[in-house]
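Have a look at the structure below before the remarks.
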Amino acid sequence: MAATEQRLSTTVLVIGTGGAGLRASVELAEAGVDVLAVGKRPKNDAHTSLAAGGINAALATMDPEDSWQQHAADTLKESYLLGDPRTTEIVTRGAARGIDDLERYGMTFAREQDGRISQRFFGAHTFRRTAFAGDYTGLEIQRTLVRRAEQLRIPVLEGVYITRILTHEGAVFGAYGFDLKDGTRYRVHADAVILAAGGHTRIWRRTSSRRDENTGDSFRLAVEAGARLRDPELVQFHPSGIIEPENAAGTLVSEAARGEGGVLRNALGERYMSRYDPERMELSTRDRVALASYTEIKEGRGTEKGGVWLDVSHLPRQTVMDRLPRVYQTLLDLQMLDITRDPIEVAPTAHYSMGGVWVRPEDHSTDVRGLYAIGEASSGLHGANRLGGNSLVELLVYGRITGRAAAAYSESLSAQPRSAAAVAEARAEVDGLLAADGPENVRALQRAVRNTMTEHAGVVRDEEGLRTGLAELAAIEKRMEDVGVHPDIAGFQDLAHAFDLKAAVLAARATLEAALERRETRGCHNRSDYPDMNEELRVNLVWSPATGITRESIPPVPEEIASLIKEVPTDGKLQE
Numbered sequence: 002m003a004a005t006e007q008r009l010s011t012t013v014l015v016i017g018t019g020g021a022g023l024r025a026s027v028e029l030a031e032a033g034v035d036v037l038a039v040g041k042r043p044k045n046d047a048h049t050s051l052a053a054g055g056i057n058a059a060l061a062t063m064d065p066e067d068s069w070q071q072h073a074a075d076t077l078k079e080s081y082l083l084g085d086p087r088t089t090e091i092v093t094r095g096a097a098r099g100i101d102d103l104e105r106y107g108m109t110f111a112r113e114q115d116g117r118i119s120q121r122f123f124g125a126h127t128f129r130r131t132a133f134a135g136d137y138t139g140l141e142i143q144r145t146l147v148r149r150a151e152q153l154r155i156p157v158l159e160g161v162y163i164t165r166i167l168t169h170e171g172a173v174f175g176a177y178g179f180d181l182k183d184g185t186r187y188r189v190h191a192d193a194v195i196l197a198a199g200g201h202t203r204i205w206r207r208t209s210s211r212r213d214e215n216t217g218d219s220f221r222l223a224v225e226a227g228a229r230l231r232d233p234e235l236v237q238f239h240p241s242g243i244i245e246p247e248n249a250a251g252t253l254v255s256e257a258a259r260g261e262g263g264v265l266r267n268a269l270g271e272r273y274m275s276r277y278d279p280e281r282m283e284l285s286t287r288d289r290v291a292l293a294s295y296t297e298i299k300e301g302r303g304t305e306k307g308g309v310w311l312d313v314s315h316l317p318r319q320t321v322m323d324r325l326p327r328v329y330q331t332l333l334d335l336q337m338l339d340i341t342r343d344p345i346e347v348a349p350t351a352h353y354s355m356g357g358v359w360v361r362p363e364d365h366s367t368d369v370r371g372l373y374a375i376g377e378a379s380s381g382l383h384g385a386n387r388l389g390g391n392s393l394v395e396l397l398v399y400g401r402i403t404g405r406a407a408a409a410y411s412e413s414l415s416a417q418p419r420s421a422a423a424v425a426e427a428r429a430e431v432d433g434l435l436a437a438d439g440p441e442n443v444r445a446l447q448r449a450v451r452n453t454m455t456e457h458a459g460v461v462r463d464e465e466g467l468r469t470g471l472a473e474l475a476a477i478e479k480r481m482e483d484v485g486v487h488p489d490i491a492g493f494q495d496l497a498h499a500f501d502l503k504a505a506v507l508a509a510r511a512t513l514e515a516a517l518e519r520r521e522t523r524g525c526h527n528r529s530d531y532p533d534m535n536e537e538l539r540v541n542l543v544w545s546p547a548t549g550i551t552r553e554s555i556p557p558v559p560e561e562i563a564s565l566i567k568e569v570p571t572d573g574k575l576q577e
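If you're matching positions, the sequence shown starts at 2 in my numbering and goes up one per residue.
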């Protein structure tokens with residue numbers, strides 16, 4: 002029997018209901034533009050809700066000498082000069098307005114006694130510019146945007162998996178997908194599509210993303226629609242992800258654990274950071290601590306399970322309970338571990354996609370007319386190292402800008418051609434997978450991708466390993482021809498996993514090929530066979546299946562920002 006297919010129509014379709022997608026939806030609805038938001042996860046449990054530490058804006062509430070120019074300088078310095086200066090200026094200039102918007106929607110920030118918004122230091126910031134709401138900032142932002150979306154009566158389809166962006170002659174006209182519970186198909190016609198479906202960190206074995214998010218959906222949807230990817234090899238690894246239980250491997254132990262005085266030791270009991278950064282020790286930068294832990298494990302000084310020890314048990318119990326409540330509760334829930342008494346076994350974990358879909362800095366439009374990408378799906382701001390607190394403000398700034406741009410694009414259309422052939426192709430893709438009855442298990446192939454990426458494209462890479470990874474990936478692609486897909490009484494998750502696998506393989510290929518091309522060590526990208534930075538590679542690497550890797554030059558940094566790029570004083574502060 003043919004599947005039920007619902008046809009919907011809207012002016013702008015937003016794919017993804019995290020902070021980026023909801024902020025764009027709110028902007029559209031406030032402007033009176035018809036918008037539909039679609040997400041495969043419940044909107045209250047989007048990935049944005051996991052962000053803890055805070056959101057950056059040069060409000061100068063604590064340090065009057067702070068400015069957007071200094072925020073831009075710090076961002077570009079930490080990007081190892083791979084961030085786009087125009088994107089950086091737009092985000093840092095627009096950051097204060099992003100905070101104002103959240104306040105207008107009713108979000109409560111931590112405040113000083115005199116009422117001004119409190120701001121704290123985050124690593125590698127010259128001044129205190131990180132606003133926060135306890136250690137649940139992302140969750141509060143998500144709740145605030147969900148509440149505002151409900152006030153505006155924005156329709157949100159939850160539990161719907163988008164399989165393809167529909168295009169005709171280089172322009173979008175909607176998207177195709179299915180309901181995860183009952184398999185109902187959705188054909189959505191739209192003038193413009195905003196892609197806000199996250200990054201690709203789930204393609205590593207240990208990751209801070211949960212099992213059905215950040216699988217590379219945005220990358221696959223964009224590329225198959227005709228867009229390109231920029232710097233997919235630039236992935237931030239967080240130093241402290243837990244190892245067990247397996248279904249939660251990679252769950253973060255907050256950087257705050259080191260900030261409060263936690264120490265790192267190898268299996269021999271050595272406080273090994275003295276070998277890598279004797280001055281800052283555990284307060285060193287995220288990329289350096291991750292590299293140090295990786296090296297200890299690789300050289301045989303790790304634990305039996307392939308980790309190192311992060312210990313806060315020497316701190317007063319009350320300090321742990323007051324300053325690290327979330328860490329304490331997480332470890333108690335997942336491992337029955339009391340961190341006030343015992344150390345935590347951790348290892349580097351894939352945390353954030355700093356590269357993503359290629360977009361223009363002005364409005365985050367792509368190579369495909371009417372298609373935009375925002376949030377972790379996009380690229381341009383973070384370069385080779387993301388400044389802690391910048392991702393939350395980026396989604397607010399570009400959610401607003403891109404919402405307006407998509408509305409203006411729709412207004413400019415005199416007509417919107419559609420393609421019956423494109424719809425038929427999207428429908429046939431789903432039908433084909435549902436009919437697939439081969440011996441290969443989709444979940445096993447996903448695991449194979451994660452193993453390949455962990456072994457050959459983790460914290461440290463080299464030519465031989467990357468080429469081995471590409472060979473293994475080719476073998477996985479061959480095995481994908483014989484998958485079996487079996488929806489059951491629980492729903493159509495197996496079909497979603499098959500599409501996740503397609504996304505993972507595309508994202509993995511882009512990452513491996515770009516990592517091979519970047520023959521240098523810069524920020525998060527460590528090449529053991531090319532340990533130095535190469536000035537010729539101060540470029541963005543742009544990837545598509547049609548062209549492979551091309552190099553794109555980066556515009557010069559304006560003098561008013563360049564003159565402010567300098568070493569940030571550490572003074573015992575945590576370096577994120």
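Using N, Cα and C, we set each Cβ at its ideal position, and we do this for glycine too. If you're wondering where the values come from, they're calculated on a predicted model, not measured in any experiment.
Sequence-distant residues of its chain with Cβ nearer than 7 Å to D463 (five each side left out): R528, S529, D530
*For L103, does the count of other Cβ atoms within 10 angstroms reach 16, so buried, or fall short, so exposed?*
buried
TODO: Let me know the secondary structure DSSP gives R302 once reduced to three states.
DONE: coil
Practice task
Output the boundary residues of the beta strand (DSSP E) element that contains T164.
Solution key: 161-169
task: Please determine, among E256, L181, K503, the residue with the shortest C-alpha to C-alpha distance to V443.
output: K503
Checklist entry - Within 8 Å (strictly less), CB to CB, does L325 reach chain D? => result The structure shown contains no chain D; it is built from a single protein chain.
Let me know if M108 comes out buried or exposed under the rule of 16 or more other beta-carbons within 10 Å of its beta-carbon.
buried
Please name the residue in I16, P86, R231, L60 whose C-alpha comes closest to that of E561. Ranked by how close their Cα comes to the Cα of E561, the residues I16, P86, R231, L60 have P86 in first place.
*asked:* Can you determine whether any heavy atom of the ligand MG sits closer than 7 Å to the C-beta of S380, and answer yes or no?
replied: The ligand MG is not among the ligands present in this structure, which contains no ligands whatsoever.
- Item | Buried/exposed call for N391, threshold 16 Cβ in 10 Å | buried
Just to confirm the assignment, what range does the beta strand (DSSP E) spanning L265 have? Per DSSP, the continuous beta strand (DSSP E) segment holding L265 begins and ends at 264-266.
Three or more C-beta pairs closer than 8 Å, one from the segment 155-173 and one from the segment 40-59: is that the case here?
-> yes
* Return the CA-CA distance between A368 and W359, expressed in angstroms with no decimal places. => Reading off the sequence, residue 368 comes out as Asp, not Ala. Their Cα atoms are separated by approximately 8 Å.
In this structure, what does DSSP give as the bridge partners for R186?
DSSP, once it has assigned bridges, lists E6, F179 as partnering R186.
By the DSSP assignment, the beta strand (DSSP E) with D346 in it spans what residues?
The displayed chain sequence assigns Glu, not Asp, to residue 346. Here the beta strand (DSSP E) through E346 covers 345-354.
- prompt: Taking C-alpha atoms, which residue in T252, I402, P279 lies nearest to D334?
  reply: T252
task: Take R370 as the anchor and find which of L265, L14, V173, R154 has the nearest alpha-carbon.
output: For R370, the nearest C-alpha among the options comes from V173.
Exercise. What are the start and end residues of the alpha helix (DSSP H) that includes Y277?
Worked result: 274-277
Notebook entry, point to check: How many Å lie between Q319 and V424 at the Cα?
Noted result: 60 Å
Q: Select from E456, I155, F122, H169 the residue whose C-alpha is nearest the C-alpha of M63.
A: F122
Report the partner residues of D288 according to the DSSP bridge assignment.
Beta-bridge pairing links D288 to no other residue.
Closest to D61 by C-alpha separation, out of W69, G54, G55, would be which residue? For clarity, residue 61 is Ala in the given sequence; the question names Asp instead. Measuring from the Cα of A61, the nearest candidate turns out to be W69.
Original post:
By a C-beta neighbour count over all protein chains shown, 10 Å radius and 16 as the cutoff for buried, is E113 buried or exposed?
Top reply: exposed
Beta-carbon contacts of T455 that lie in its chain and below 6 Å, excluding the five residues immediately before and after: W205, R206
Review point. If you drop the 5 nearest sequence neighbours on each side, which residues of the same chain put their C-beta closer than 7 Å to that of T522?
Key: R528, Y531, P532, D533, M534
| query | Which residue spans inside the segment 182-257 form an unbroken alpha helix (DSSP H) run of at least 4? | reply | Runs of the alpha helix (DSSP H) inside the segment 182-257: 218-226.
Please classify L269 as buried or exposed, where buried requires at least 16 neighbouring CB atoms within 10 angstroms. Per the 10 Å Cβ criterion, exposed.
Task: Per-residue burial, S209 [other beta carbons within 10 Å of its own, 16 or more giving buried] - done: That one is buried.
Mind pulling the alpha helix (DSSP H) runs of 4 or more residues that sit fully within the segment 391-468? 391-413, 421-436, 443-457
| When you compare only the Cα positions, how much space is there between Y410 and Y373? | 11 Å
Measure the CB-CB distance between T350 and H239 and report whether it falls below 8 Å. In contact: T350 and H239 (Cβ atoms closer than 8 Å).
For this session: Check the DSSP bridge columns for T320 and list the partner residues they point to.
Result: BP columns for T320 are empty, so no partner.
Within the segment 68-123, ranges of the alpha helix (DSSP H) (whole runs, at least 4 residues): 69-79, 86-105
First and last residue of the uninterrupted alpha helix (DSSP H) at L542: No alpha helix (DSSP H) contains L542, which is instead part of the beta strand (DSSP E) from 541-545.
key: Cβ contact (3+ pairs, closer than 8 Å) linking the segment 121-136 and the segment 3-16   = no
Those residues which DSSP pairs with L14 across a bridge:
Listed as beta-bridge partners of L14 by DSSP are L37, V194.
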